[in-house]
């Protein structure tokens, strides 16, 4: 049986003002049986430290339900932030949705 994949595609800036909205969305996805949550950052232009912290909190929450959180379509600014903070080793990242689908869904 194929896993239940649910996708978030936020836009703009990911900072503290979006944290609660992100948490609520992930809670809803988990409540609806998501096995894998994919956060597509294609339309995110900037992530600050609060936004990165929010992603870490969400990762911990998703893992506590024994589910997976994946991230795709990271722009150069976000990739640099992930590399500087070693988050590129913590998060499961993919170049784009197609790469995610091929790697995860086969």
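Residue numbers (the working numbering): 233 to 338.
Every residue, glycine too, gets a C-beta built ideally from N, C-alpha and C.
All figures in this text were calculated on a predicted structure; none of them were measured in a lab.
(request) Output the distance between the C-alpha atoms of residue 312 and residue 277, rounded to the nearest integer angstrom. (result) Whole-angstrom Cα-Cα distance: 13 Å.
(request) Can you grab the Cα-Cα spacing for the pair residue 335 / residue 249, in whole Å? (result) Each residue's alpha carbon lies about 32 Å from the other.
(request) Quick one: give me the first and last residue of the beta strand (DSSP E) that residue 278 is part of. (result) Counting along the chain, the beta strand (DSSP E) containing residue 278 begins and ends at 275–279.
(message) Does the CB of residue 272 have a neighbour CB from chain D at under 9 Å?
(response) The chain inventory of the structure shown lacks chain D, comprising one protein chain alone.
(request) Determine, using beta-carbon pairs with one atom in the segment 267–275 and one in the segment 236–250, whether at least three such pairs fall under 8 Å. (result) The answer is yes - the segment 236–250 touches the segment 267–275, with three or more Cβ pairs under 8 Å.
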